[in-house]
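Take -17 as the starting number for the sequence shown in our numbering and just add one per residue. Don't be surprised by glycine CBs; every beta carbon is placed ideally from N, CA and C.
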Amino acid sequence: MTQLSALLTREGLVLLDELGTIESTADVAAAVSRLRAAGHSPDLVSAVVGQAHLRAKGRAKFGEFADRMLFTRAGLEQATRLPVATLHAVRMRQSDITAVSDLGCGIGGDSLAFAGAGLTVTAVDADPVTAALAAYNLAPFGEAASVRQGTAEQDPSATAPADPSHAIWLDPARRTAGHSETRRVTASDYSPSLDWSFDVARRHPTGIKLGPGLDRDLLPDDVEAQWISVDGSVVELVPWSGSLARDGIRRAALVMRGGSTHELTARADAEDAPVRELGAFLHEPDGAVIRARLIGDAARMLDAGMLDPQIAYLTGDAAVTSPFVQSFRVRETMPAHVKTINAALRAHDVGRLEIKKRGMDVDPAAFRKKLALRGSGEATLILTRTPAGRVAILADRV
C-alpha cells in the first residue's frame, strides 16, 4: 500500500511515464540504480520500476493501452485479453444492453472494453488496492465508468429488479492458484460461489467468466456455454444468460487465431463421428472445440472420422484448412516402441522433433531423451491410442 501511495502521486506518475520500457531484469537493475542515484525514495523507485515492467508485459493483453495503465502482477495475470473483452462488449451492444455492472472487475480489463464500446460501466472489486488501480485505468472514460470497492454479493445491481438494458458481468475469483486448463475445476474453487452467480444469471442478462476446466455438469441447462481459445490456448468459459444467450445455441467454441475469429455453435453437445482407420491426414481439434464437445461437428465439416472413440484426434484422406483443427500429413505409422521410432527418425533424417501425445501415459520430455535426433530435418511425432493399440505417428504440420 505504501508503494501504491507513492506511485499515485503527480511525481510518481510523471516518473513512470518518463521511464520508458522496462523489459528485462537488466533493464530493471539499471533503472533502479539510476533513479536511486537521482535521489528518489526506495518505495517510489520500487513502485515505478515495477509498474514499468508490468506495462511491458501488459502489451501482450492490452496492446498500446498498457502504456497508460496500472497493474498488479496477479491482476495482469487474471485480466481478460482486450480482444476477448471486446467481443464480450460487442455481444452486449448487439443485445441492446446500455449499462453493465462488472462485479469482480480486477484491474478493469473487461470494463475497459465495455466502456470503450459505449456502455455505462459500474466496476466493483472487493480489494481496495485493485479497485484503486481499476479507477485509474478507467479514468479516461469520465462519468461513463465508475469504480467502487465492495463485494459482488453486496452490490445493489445483483438484487435489483431485472432491467433488460442492464447486464451483469461476473468474474468470480479463484480460491486457489495454480489451476490449468487441463484440470477440472469445481464449484468450491470460486468466490462468489457458482450457486450465487448462477442465481444472478437466472434473474439478469449475465455473462460469467470462468476457468475452461469447470466441471460441465455444474452448468445450468438454460445458459449458452461458450469456450474461448486464443492462439491455441483455451483461456475461458463464459456461460451467457437471458438476452445475452443466443437463441438455439447452448454450446459454442470461439477460436481466435492470428487476429481472426471463428466460431462453431450447436444446440447441444455434438454426436461423435464414426471411428475410421488412420488416413493420409491427422487433425487435432482446437481445445475450445474439445471443451465444447463439438468434435463430431468439426469432423463432419472436414469429412473426417474419429481415430479412436475416446481420443480427440480426427483423421481423413483430404487436405483441409480449418481454424478449428491443426492438421498433420502422415509420413509413417509404427508401434510406439523407442527402437522402432528411432529407426524411423534415422530413415527420415529427423533432427528436430515436436512430440505430441494423447491417450498415453508418457512424459514427452523424458521420452525425447530416449530418441536419436541427429538428422537435419524436422517432423512431429504423435503418440496416441487407436482401437488396435498404441501407435506412434510420424507426421508434418500442414
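What are the partner residues of residue i, as DSSP defines its beta bridges?
i	result
Y172	R156
V182	For V182, which the question treats as bridged, DSSP gives no partner whatsoever.
M238	V212, T243
L85	V106, L152
R233	A207, A248
L192	L219
D290	I293
R55	Partner(s): none; R55 has no beta bridge.
R379	F310
Would you mind giving the Cβ-Cβ distance between residue i and residue j, rounded to the nearest angstrom? I have them listed as a contact below 8 Å.
i	j	result
V307	L296	7 Å
V106	G132	5 Å
R233	P305	Not quite, the Cβ-Cβ distance comes to about 17 Å (not below 8 Å), so this is no contact.
V320	V212	Going by Cβ atoms, the distance from V320 to V212 rounds to 35 Å, so no, they are not a contact pair.
V14	V27	6 Å
S93	A116	7 Å
I323	L355	11 Å between Cβ atoms; not a contact.
A255	A281	4 Å
L(-2)	L(-11)	7 Å
What span of residues does the alpha helix (DSSP H) with residue i cover, start to end?
i	result
T104	That residue, T104, is in no alpha helix (DSSP H); its beta strand (DSSP E) goes 102 to 107.
D145	Segment: none, D145 is in no alpha helix (DSSP H) and carries neither H nor E.
R282	277 to 284
V(-4)	-8 to 1
Which residues bound the beta strand (DSSP E) around residue i?
i	result
V257	Taken as a continuous stretch (DSSP letters only), V257 belongs to no beta strand (DSSP E), as it is neither H nor E.
F310	307 to 317
H265	263 to 267
T68	No beta strand (DSSP E) holds T68; the alpha helix (DSSP H) holding it covers 64 to 76.
Measuring CB to CB, does residue i end up less than 8 Å from residue j?
i	j	result
I4	A34	yes
V216	G269	yes
A127	A81	no
L(-14)	A108	no
G40	T112	no
V344	L365	yes
M51	R37	yes
E336	T303	no
A169	S175	yes
V223	P187	One detail in the question is off: residue 223 reads as Ser in this sequence, not Val. Yes; because the gap between Cβ atoms is below 8 Å, this pair is in contact.
L381	G298	There is no way to answer for residue 381, as the model of the chain reaches only from -17 to 380.
I375	L264	yes
D251	R275	yes
V72	A99	yes
S246	Q208	For the sequence presented, residue 246 should be read as Leu rather than Ser. No; because the gap between Cβ atoms is not below 8 Å, this pair is not in contact.
V257	T315	no
M74	L226	yes
L85	I150	yes
R198	Y172	no
V231	E206	Reading the sequence as shown, one finds Ile at residue 231 and not Val. Yes. Within cutoff.
S83	T68	no
Give, in chain order, every unbroken run of the alpha helix (DSSP H) that is at least 4 residues long and sits entirely within the stretch 90 to 141.
You should have 91 to 98, 110 to 120, 138 to 141.
Completely contained alpha helix (DSSP H) runs for the stretch 298 to 377, where each covers 4 or more residues
For the stretch 298 to 377, the full-length alpha helix (DSSP H) segments reaching 4 residues or more read 320 to 329, 346 to 350 along the chain.
Restricting to runs no shorter than 4 residues, where is the alpha helix (DSSP H) found entirely within the stretch 7 to 55?
Runs of the alpha helix (DSSP H) spanning 4 or more residues and lying entirely within the stretch 7 to 55 occur at 7 to 19, 24 to 44, in chain order.
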